[in-house]
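S.K.:
Residue numbers (our numbering): 7 to 322.
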C-alpha cells in the first residue's frame, strides 16, 4: 500500500511538473502569447467594461518590465551616441515618414491610429531581438533610452501637428506621463530586484497578451465586419514592416555595413511601440483608432519569425 502511494505521488509530481513546463514555455513565447491574446479577443469580444483602464495598466506593467532591461551604464564613449542618433533618425525619420504617408490613405479614425503609431518611439523589444539576432546589444540599449527621451518631446509635437484640435493636449500629456515617464522611473527600482529573466519575460508577454486581448476584443466588429478594409490595412502593414525592413537591409548590405550593425538598424527601421500606440488610441479617442496598431502587431510578430530564419544565413 505504501509503495502504491509513493508511486502515485511521484506520478502526480511528474505530471504537475510537465504541465508547469508547458505553461512556462507558453508564457515565455512572445509569438504564442500574442496569438493567444488576438484569438481570444476576437472570440470573446474582450472585456465587457474598463477596456481603457485594463489596457493602460497592462502597458504600464509591460513598459516597466521592458525598460528595466535598459542599462545606460553599459555604454561608453562617443560611438553609442553616434549609433543612437542614427537609430533615432531611422525610426523617427524614415519609419515615421512612411507611416505618416500611409496614414493619409485612410479616413479620420484610422488615420489618427496611424499617426499615433508614427509619433510613437521604437519598440522596447528591439533590445532582446538585437541580442537574439546577433546585433550590437549595448548600442541598442543606449539607442532605446535615447529614443524614449526624445519621444517625450517628439510624440506630443507630431500628434498635435498632424491631428490638431481633435486630441486633448491635457489628456495627451497626462497619458505620456503615465505610460512613459512613470514606467521609466519605476523600471530603475525594478532593476534592483534582479528578477529572473524567464520570469520577467513571462510577465511581459502576459501583460502584452492582456493588452492585445482588450484592444482586439473592443474592435471585434471592425475586424469581422469589414474584411475589405482589414485586407487593405494589412497590405499597408506589410509595406510598413516588411517593405521598409527589407529595403533597409538591402541598402545597408550594398554599402558594406557589417551584419551586427545591420541587425540593429533594420529593427529600428521596422518596429514601433504598438502597445503604447494602441493604448493611447483608446485613452485619447475610441477603440477603433487602435485597429492599425493591432493589425501591425501581427505582422511584426511574423517579421521577427522571418528575421530569425534570415539572419543566420545572411552574409556578414
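Note that CB positions come from ideal geometry on N, CA and C, so glycine has one too.
(1) Within its chain, find whatever has a CB closer than 8 Å to the CB of residue 179; leave out the 5 residues flanking it on each side and keep chain order.
(2) Relative to the C-alpha of residue 262, which residue among 111, 127, 139, 320 is closest?
(3) When you compare only the Cα positions, how much space is there between residue 101 and residue 154?
(4) Considering only C-alpha positions, which residue in the set 204, 125, 313 is nearest to residue 182?
(5) Which of the three DSSP states, helix, strand or coil, is assigned to residue 248?
(6) Helix, strand or coil, according to DSSP, for residue 142 in the structure here?
(7) Expressed to the nearest angstrom, what Euclidean distance is found between the alpha-carbon atoms of residue 46 and residue 61?
(8) Mark residue 281 as exposed unless 16 or more other C-beta atoms lie within 10 angstroms of its C-beta, in which case mark it buried.
(9) Whose CA, out of 311, 205, 275, 160, lies closest to the CA of residue 256?
(10) Quick one: any contact between the segment 66 to 76 and the segment 290 to 307, if contact means 3 or more CB pairs under 8 Å?
(11) Whose C-beta lies closer than 8 Å to the C-beta of residue 212 among residues of the same chain, with five residues either side of it excluded?
(12) Can you give me the C-alpha to C-alpha distance between residue 120 and residue 198, rounded to a whole angstrom?
(13) State buried or exposed for residue 165, treating a residue as buried only when at least 16 other CB atoms are found within 10 Å of its CB.
(14) Nearest to residue 132 by CA position, among 243, 196, 149, 239, is which residue?
(15) Could you check whether the segment 98 to 117 touches the segment 236 to 253, counting it as contact only if at least three pairs of C-beta atoms, one from each stretch, sit closer than 8 Å?
(16) Quick check: the Cα distance between residue 278 and residue 305, rounded to an integer number of angstroms?
(17) Considering only their Cβ atoms, is the gap separating residue 173 from residue 290 smaller than 8 Å?
(18) Give the straight-line distance between the Cα atoms of residue 147 and residue 89, rounded to the nearest whole angstrom.
(19) Look at the alpha carbon of residue 216 and the alpha carbon of residue 254, and state the distance between them as a whole number of angstroms.
(20) Under a CB-based cut-off of 8 Å, is residue 269 close to chain D?
(21) Going by alpha carbons, who is nearest to residue 158 out of 169, 57, 189?
(22) Looking only at its own chain, which residues have a Cβ that is under 6 Å from the Cβ of residue 208, when we skip the five neighbours before and after it?
(23) Please report how far the alpha carbon of residue 226 lies from the alpha carbon of residue 140, in whole angstroms.
(24) Go to residue 229, then tell me how far its alpha helix (DSSP H) extends in each direction, as first and last residue.
(25) How would you write the range of the alpha helix (DSSP H) that residue 290 sits in, first residue to last?
(26) On the three-pair Cβ rule with 8 Å, is the segment 42 to 59 touching the segment 220 to 239?
(27) By Cβ distance, which residues of its chain are closer than 7 Å to residue 219, with the 5 residues on each side in sequence left out?
(28) Find out if the Cβ-Cβ distance for the pair residue 288, residue 84 is shorter than 8 Å.
(29) Just to confirm the assignment: which complete alpha helix (DSSP H) runs, minimum length 4, are found wholly within the segment 110 to 134?
(30) Which residues bound the alpha helix (DSSP H) around residue 58?
(31) Go to residue 36, then tell me how far its alpha helix (DSSP H) extends in each direction, as first and last residue.
M.R.: Walking through what the data contain:
(1) As a working mapping, residue 179 is identified with position 173 in the chain shown. 162, listed in sequence order.
(2) Mapped onto the chain shown, residue 262 falls at position 256. That would be 320, whose Cα lies nearest to the Cα of residue 262.
(3) Sequence index remark: in the chain shown, residue 101 carries index 95 (1-based). Sequence index remark: in the chain shown, residue 154 carries index 148 (1-based). Cα to Cα, residue 101 sits roughly 16 Å from residue 154.
(4) For this step, residue 182 is matched to residue 176 along the chain shown. For residue 182, the nearest C-alpha among the options comes from 125.
(5) Stepping through the chain shown from its first residue, residue 248 is reached at position 242. Of the three classes helix, strand and coil, the one that applies to residue 248 here is helix, per DSSP.
(6) The sequence position of residue 142 within the chain shown is 136, counting from 1. Coil, per DSSP.
(7) The count along the chain shown starts at 1 and reaches residue 46 at position 40. The count along the chain shown starts at 1 and reaches residue 61 at position 55. Computed Cα separation, rounded: 15 Å.
(8) The residue you call residue 281 lines up with position 275 of the chain shown. Counting C-beta atoms within 10 angstroms of its own C-beta, residue 281 has 16 or more neighbours from the protein chains shown and is therefore classed as buried.
(9) Within the chain shown, residue 256 is the residue found at index 250, counting from 1. Looking at the Cα atoms, 275 is the closest of the given residues.
(10) They do not touch, by the three-pair rule.
(11) Residue numbering aside, residue 212 sits at position 206 when the chain shown is read from its first letter. Excluding positions up to five away in sequence, the list reads 33, 39.
(12) Within the chain shown, numbered from 1, the residue matching residue 120 stands at position 114. Within the chain shown, numbered from 1, the residue matching residue 198 stands at position 192. Going from the Cα of residue 120 to the Cα of residue 198 covers about 36 Å.
(13) As a working note, residue 165 is residue 159 in the chain shown. With 16 or more other Cβ atoms within 10 Å, it is buried.
(14) Counting from 1 along the chain shown, the entry for residue 132 is found at position 126. Measuring from the Cα of residue 132, the nearest candidate turns out to be 149.
(15) Counting C-beta pairs with one atom in each stretch, the segment 98 to 117 and the segment 236 to 253 have three or more that are closer than 8 Å, which means they touch.
(16) Taking the first residue of the chain shown as 1, we reach residue 278 at position 272. Taking the first residue of the chain shown as 1, we reach residue 305 at position 299. Straight-line Cα distance between these residues: approximately 12 Å.
(17) Against the chain shown, residue 290 aligns to sequence position 284. Against the chain shown, residue 173 aligns to sequence position 167. Yes.
(18) Stepping through the chain shown from its first residue, residue 147 is reached at position 141. Stepping through the chain shown from its first residue, residue 89 is reached at position 83. When rounded, the distance between both Cα atoms is 11 Å.
(19) Against the chain shown, residue 216 aligns to sequence position 210. Against the chain shown, residue 254 aligns to sequence position 248. Distance from the CA atom of residue 216 to the CA atom of residue 254, rounded to whole angstroms, is 32 Å.
(20) This model lacks chain D altogether, as it is built from one protein chain only.
(21) Counting from one through the chain shown, the residue named residue 158 turns up at place 152. By alpha-carbon distance to residue 158, the top candidate from 169, 57, 189 is 189.
(22) On the chain shown, position 202 is the one that residue 208 refers to. For residue 208, where only same-chain residues beyond five positions count, the Cβ hits under 6 Å are 33, 34.
(23) On the chain shown, residue 226 is found 220 positions in, with the first residue counted as 1. On the chain shown, residue 140 is found 134 positions in, with the first residue counted as 1. Taking C-alpha positions only, residue 226 is separated from residue 140 by approximately 38 Å.
(24) Along the chain shown, read from residue 1 onward, the residue named residue 229 stands at position 223. Counting along the chain, the alpha helix (DSSP H) containing residue 229 begins and ends at 226 to 231.
(25) As a position in the chain shown, residue 290 is number 284, starting the count at 1. Looking at the DSSP string, the run of the alpha helix (DSSP H) that includes residue 290 is 280 to 290.
(26) Output reads yes: the segment 220 to 239 touches the segment 42 to 59.
(27) Sequence index remark: in the chain shown, residue 219 carries index 213 (1-based). Hits under 7 Å: 43, 46, 47, 52.
(28) Your numbering for residue 288 matches position 282 in the chain shown. Your numbering for residue 84 matches position 78 in the chain shown. Contact flag unset, no.
(29) Qualifying alpha helix (DSSP H) stretches, in chain order: 114 to 125.
(30) Along the chain shown, read from residue 1 onward, the residue named residue 58 stands at position 52. Residues 57 to 73.
(31) For the purposes of this step, residue 36 is taken as the residue at position 30 of the chain shown. It spans 36 to 50 - the alpha helix (DSSP H) in which residue 36 sits, taken as one unbroken run.
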